[in-house]
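Asks: Below you'll find the structure I mean.
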Amino acid sequence: MQTKRAERRFSPKGENVMAKFTKGTQLFVYQASASADKVFKVDCPKTITGISATKSEIDTTCLDSEGMESVPGMATGGTANIGLDFDPAVVSHVRINDIFEADETVQWLIGWSDGTAAPTYSSSGSVSAVAVTAGGTGYVTAPTVSFTGGGGTGAAGTAVIDSGAVVAVNITNPGTGYTSAPTVGFSGGSGTGAAATATYSPAGLVLPNTRTWVSFTGYVQDVPFDFATNSVVGSAVTVKLSGIRKLVPKAV
Numbered sequence: 042m043q044t045k046r047a048e049r050r051f052s053p054k055g056e057n058v059m060a061k062f063t064k065g066t067q068l069f070v071y072q073a074s075a076s077a078d079k080v081f082k083v084d085c086p087k088t089i090t091g092i093s094a095t096k097s098e099i100d101t102t103c104l105d106s107e108g109m110e111s112v113p114g115m116a117t118g119g120t121a122n123i124g125l126d127f128d129p130a131v132v133s134h135v136r137i138n139d140i141f142e143a144d145e146t147v148q149w150l151i152g153w154s155d156g157t158a159a160p161t162y163s164s165s166g167s168v169s170a171v172a173v174t175a176g177g178t179g180y181v182t183a184p185t186v187s188f189t190g191g192g193g194t195g196a197a198g199t200a201v202i203d204s205g206a207v208v209a210v211n212i213t214n215p216g217t218g219y220t221s222a223p224t225v226g227f228s229g230g231s232g233t234g235a236a237a238t239a240t241y242s243p244a245g246l247v248l249p250n251t252r253t254w255v256s257f258t259g260y261v262q263d264v265p266f267d268f269a270t271n272s273v274v275g276s277a278v279t280v281k282l283s284g285i286r287k288l289v290p291k292a293v
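Sequential numbering of the sequence shown, starting at 42, is according to my numbering.
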């Protein structure tokens, strides 16, 4: 019997759909203590590596066990490395050095290449996610999404349909001023029956659900400067992770 080889599938853009390109990856920092621009983009990182947190081992072996037994314990954060061509004229590079000198712990956010939206800071409540509870039927085009109630304004999103049903809602604007979750409505698109619920988040960091994120908390261990002939000033910034890193997949 001949074994069928797995076919590698590609997107219309020629991308391998089994993997994600690193081209388009962006790095952001959420500095809660900043009086302004609490979220900033790190300009031109060359590499981001070592984002790990190893879980410790707790021995649960009984005297009458036939082999060693254990369960996972607390995670020990690793050391992330961020390669930069450091430029003192670039504000984001200087801010990283300032964070290092201030012994400050901040949140690091890596936006994958499957989206372009940037994280934001909301000074008041916002819509952070929408979960589709019923896809409905008969949708020919994506219906219009509305948000009502909840005490806030400005929330907006776009519906994603597949086979005549709504399968997801991408948030395009989290809105401001929400004190509770608003009601989600759908109109148009020639279909009926779609329903969804919104998740309300209080003031703080807002991660768009239109791209994948890896986030971790950590402090800058060092911002070294490397000088070499026929080169630019380099810096391999090291960040000590506190706790475990988190993966937040794209909604669709």
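Just so you know, even glycine gets a beta-carbon here, dropped at the ideal spot from N, CA and C.
Answer yes or no: does any C-beta atom of chain D fall closer than 9 Å to that of A239?
Replies: You won't find chain D in this structure, because it holds only one protein chain.
Asks: Start and end of the alpha helix (DSSP H) containing I140?
Replies: Looking at the DSSP string, the run of the alpha helix (DSSP H) that includes I140 is 132 to 142.
Asks: Go ahead and label K79 buried or exposed: buried means 16 or more other beta carbons lie within 10 angstroms of its beta carbon, across all protein chains shown.
Replies: So K79 counts as buried.
Asks: Do you know how far the Cα of V225 is from the Cα of S154?
Replies: Straight-line Cα distance between these residues: approximately 29 Å.
Asks: By a C-beta neighbour count over all protein chains shown, 10 Å radius and 16 as the cutoff for buried, is I137 buried or exposed?
Replies: Under this definition I137 is a buried residue.
Asks: Taking DSSP's pairing of strands, which residues face W149 in a bridge?
Replies: In DSSP, W149 forms a bridge with V70, F257.
Asks: Report yes if the C-beta distance between G251 and T220 is below 9 Å; otherwise report no.
Replies: At residue 251 the sequence reads Thr, which differs from the Gly that was named. Cβ distance not < 9 Å, so T251 and T220 don't count as in contact.
Asks: Would you tell me roughly how many angstroms separate the C-alpha atoms of E48 and V207, rounded to the nearest one?
Replies: Confidence at E48 is low in this model, with a pLDDT of 44, below 50, so its placement is unreliable and the value that follows should be read with caution. Going from the Cα of E48 to the Cα of V207 covers about 29 Å.
Asks: Provide the residue(s) that pair with P86 in DSSP beta bridges, ordered along the chain.
Replies: Answer is L125.
Asks: List the endpoints of the continuous beta strand (DSSP E) containing D78.
Replies: D78 -> no beta strand (DSSP E), and no H or E assigned at all.
Asks: Taking the C-alpha atoms as reference points, what is the distance between T117 and I285?
Replies: Taking the straight line joining both Cα atoms gives about 7 Å.
Asks: Pull up the DSSP beta-bridge partners for K281, would you.
Replies: T120, Y260.
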